[in-house]
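The numbering of the sequence shown is my numbering, which starts it at 86 and goes up by one.
Note that CB positions come from ideal geometry on N, CA and C, so glycine has one too.
Structure first, commentary second.
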Amino acid sequence: MTSKTLIVLGHGSRREAANAEIRLLGEMVKAQNPAWQVEVAFVEFAAPSLEDKVRELAEKNIREIILAPIFLTVGNHLAQGLPKRLQALAEEWAGLKLIMADHLGADPLIASLISKRAREAFQSLIDGDRKENGI
86 MTSKTLIVLG
96 HGSRREAANA
106 EIRLLGEMVK
116 AQNPAWQVEV
126 AFVEFAAPSL
136 EDKVRELAEK
146 NIREIILAPI
156 FLTVGNHLAQ
166 GLPKRLQALA
176 EEWAGLKLIM
186 ADHLGADPLI
196 ASLISKRARE
206 AFQSLIDGDR
216 KENGI
């Protein structure tokens, strides 16, 4: 099994369509990095939980895990909850290294994506106006 193991970590939702998007992101990351083992887990409301996924990997003797949190800002989960949960998991599994990558944050790539989505919305307004006005 590969030594490069990444958990794409979503918040989780009671709405399954939201969880499916996080799983799709995990598949996209795997497609871009075929040498990595890419898994998906959730902080709450969805399965597998972070703890369940880490335990599953630890039972397979994986001892180095990177977590990629799919969060835009540093809220309570990133600032308080997750560090405590990671510490508890590290104490549960001797020799386990859990490293959290930076959250998505205020990144130029996010700004570009916002701009792209806005351009698409503006275009739909223009297209709608043309149809509505017979243009």
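- The three-state reading of DSSP puts G111 in helix, counting H, G and I together.
- The Cβ atoms of G190 and L157 lie closer than 8 Å to each other.
- In this structure, I155 sits away from G97, with a CB-CB distance that is not shorter than 8 Å.
- Contact between the region 141–150 and the region 176–185 is established, with three or more Cβ pairs separated by less than 8 Å.
- Here I92 carries a strand assignment [DSSP, helix/strand/coil].
- The residue among S200, A173, F207, L167 with its C-alpha nearest the C-alpha of H188 is L167.
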